[in-house]
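Residue numbers (the working numbering): 1 to 346.
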């Protein structure tokens, strides 16, 4: 028989469950943006604290960090976007009229009719797919501009309050956390290390690698250099793939076109300068912050990209790494859970 007390308890839990579900449905369109803002907000805390020690104003310090983000990231994109779109359109027109099959066949001495037919079919199909993907991607981008603007506003809003109210947020998380103090300390250190490893080791170094690739492309006169710089930044962020996916084909293109100086020059530049960033600087960043597992990072980025879009490049490896940290803590001898009241965050 169900007692009145049991009924009230079940009703309360049911009501809480309904509220959680409804809250999730409300936040679902902006959930990834909020998570991304939380991650970057905690990563930018040293910068925020630097301003806070000098200005003594939490509001103004957080506002300065947000303005810095706008100046460093958003403002350049705002001015470069029209140029990138123009170069994308030029590449689109070039691909529609390009005779790439003849370019490839010139690499083979006296190709047979079968080789000519196969190369022509493959290249024509490839170009058709690229042109189709470009048309769809461009139309989707135009349609998605209002949504992007809204998401950017949410991101900046959350970023501001995450930094300004970071102490209160830490206190709240600490109070509702079921983990013991020792487990909390271990998880906090590992979360901080893995987050910084992804942000600095993958994102920042990837951007540097992409920008250096762009410098090389401009030096050797590559066509649509700004567009390929943007693509090099994206590929530079992804582990194993890297910016070589951009500069190697362009080097080969130069050699096929007979521009030996540009082809060999870009190969040397990429092998010495760009690869130096990937082989020396990136491991240095990662090693100083965390033992970030490369396969996990790659799988997380690819899966995150497919599941969440461009933000998944950052969110994917973080989520998987956080899960592994919790599992490892559970398997260790650290007392994972505690239901006693804890001290406030200091």
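Here a beta-carbon is modelled for each residue, glycine too, at the ideal position from N, C-alpha and C.
Task: At least 3 beta-carbon pairs within less than 8 Å: the segment 293-312 vs the segment 31-43 - done: These segments touch.
Task: Residue range of the alpha helix (DSSP H) that includes residue 209 - done: Within the chain shown, residue 209 is the residue found at index 209, counting from 1. Segment 205-219, the alpha helix (DSSP H) holding residue 209.
Task: Sequence ranges, alpha helix (DSSP H) only - wholly within the segment 232-276, length at least 4 - done: As far as the segment 232-276 is concerned, its whole alpha helix (DSSP H) runs of at least 4 residues are 244-256 and 260-269.
Open item on the list: Classify residue 48: buried if its beta carbon has 16 or more other beta carbons within 10 angstroms, exposed otherwise.
Closed with: On the chain shown, position 48 is the one that residue 48 refers to. For residue 48, the number of other beta carbons within 10 angstroms of its own is at least 16, and it is reported as buried.
Open item on the list: Can you tell me whether residue 177 is helix, strand or coil according to DSSP?
Closed with: The count along the chain shown starts at 1 and reaches residue 177 at position 177. Taken through DSSP and simplified to helix, strand or coil, residue 177 comes out as coil.
- [ ] Measure the beta-carbon distance from residue 273 to residue 212 and round it to whole angstroms, keeping in mind my assumption that it falls under 8 Å.
- [x] For the purposes of this step, residue 273 is identified with residue 273 of the chain shown, where counting begins at 1. For the purposes of this step, residue 212 is identified with residue 212 of the chain shown, where counting begins at 1. Right, the Cβ-Cβ distance comes to about 6 Å (below 8 Å), so this counts as a contact.
Task: Short Cβ contact (8 Å threshold) for residue 304 with residue 313 - done: Here residue 304 is taken as the residue at index 304 of the chain shown, counted from 1. Here residue 313 is taken as the residue at index 313 of the chain shown, counted from 1. Taking 8 Å as the Cβ cut-off, residue 304 and residue 313 qualify as a contacting pair.
TODO: Using 10 angstroms around the beta-carbon of residue 12, count the other beta-carbons present and answer buried if the total reaches 16, otherwise exposed.
DONE: Translated into positions along the chain shown, residue 12 becomes position 12. Counting Cβ neighbours within 10 Å, residue 12 comes out exposed, since fewer than 16 surround it.
Open item on the list: If distances are taken between C-alpha atoms only, which option among 271, 238, 186 and 135 comes closest to residue 199?
Closed with: For the purposes of this step, residue 199 is identified with residue 199 of the chain shown, where counting begins at 1. The residue among 271, 238, 186 and 135 with its C-alpha nearest the C-alpha of residue 199 is 238.
TODO: Return yes when the Cβ of residue 162 is within less than 8 Å of the Cβ of residue 41, no when it is not.
DONE: As a position in the chain shown, residue 41 is number 41, starting the count at 1. As a position in the chain shown, residue 162 is number 162, starting the count at 1. Yes. Within cutoff.
- [ ] Drop a sphere of 10 angstroms on the beta-carbon of residue 124, count the other beta-carbons inside from all chains shown, and report buried for 16 or more, exposed for fewer.
- [x] Within the chain shown, numbered from 1, the residue matching residue 124 stands at position 124. Exposed: under 16 other Cβ atoms inside 10 Å.
Open item on the list: For a test of the three-state rule: what should DSSP assign to residue 228, helix, strand or coil?
Closed with: In the chain shown, counting from the first residue as 1, residue 228 sits at position 228. Helix.
Open item on the list: Quick check on residue 175: buried or exposed, where buried means 16 or more other Cβ atoms within 10 Å of its Cβ?
Closed with: Position 175 of the chain shown, counted from the start, is the residue given in the question as residue 175. With fewer than 16 other Cβ atoms within 10 Å, it is exposed.
TODO: Give the single residue among 126, 235 and 66 whose Cα lies nearest to the Cα of residue 154.
DONE: For the purposes of this step, residue 154 is taken as residue 154 along the chain shown, with counting starting at 1. 66 is the residue among 126, 235 and 66 whose C-alpha sits nearest the C-alpha of residue 154.
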